[in-house]
Amino acid sequence: MTPASSGKPDRRPPYQHAADELRREIKAGRYKPGEQLPSYRELQERFGVANMTARSALSVLREEGLIYTIQGRGSFVSDYDGQGGDYTPPAWYLANEGGGKAGKNEPEAPAAAVPELLEALTALREEIRVLSAEHQELRKEVEALKRQRPDARS
């Protein structure tokens, strides 16, 4: 893969190429906030890369806050304004620094509570995903209403 503006080969690693392409597609609106991205396997096939390379590409986007991952569910586009790179990942994602993993010093939940907690966590994650998508739609509606007003100020 080489950049269109130069005849020189692009020496960036393959995961960076994949991350750049996915970033462009998200910014272009192909993937909307709250929408699930393709699986690792689908990314492997699409970009002709190994599983770890696909994971690394998504890791780059996750570190930028453009996407978030829910273990066992997949990767989803974060709520962002679509202008430039000002992304706003969900608050729960930022609070957990994207990992959602318990720290080394945090106590483990009693075994009997684990199924109930996992069920509650799954329900909350789904609700957050839906709310994130609804929030983005409301932002778009507000912007459209602002543009319709003749005396609107930015």
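First residue of the sequence shown? That's 97 in our numbering, and the numbers climb one at a time after it. Every residue gets a Cβ at the ideal spot worked out from N, C-alpha and C, and that includes glycine.
- Counting the other CB atoms within 10 Å of its CB gives Leu227 a total below 16, which places it among the exposed residues.
- Counted as a single uninterrupted DSSP element, the stretch harbouring Ser174 is not any beta strand (DSSP E), since DSSP gives it neither H nor E.
- Taking the Cβ atoms as the reference, Gln232 lies roughly 12 Å from Phe172, outside the contact range of under 8 Å.
- Here Tyr164 carries a strand assignment [DSSP, helix/strand/coil].
- Look at the beta carbons and you see the region 147-159 touching the region 111-125: at least three pairs across the two are nearer than 8 Å.
- Pro109 is classed as exposed because its beta carbon has fewer than 16 other beta carbons within 10 Å across all chains shown.
- By the neighbour-count criterion, in which 16 or more other beta carbons inside 10 Å mark a residue as buried, Ala115 falls on the buried side.
- A straight line joining the alpha-carbon of Lys236 with that of Gln244 spans about 12 Å.
- Among the bridge pairs identified by DSSP, Gln132 is matched with Phe172.
- Excluding five sequence positions before and after Arg107, none of the CB atoms of its chain fall closer than 6 Å to its own CB.
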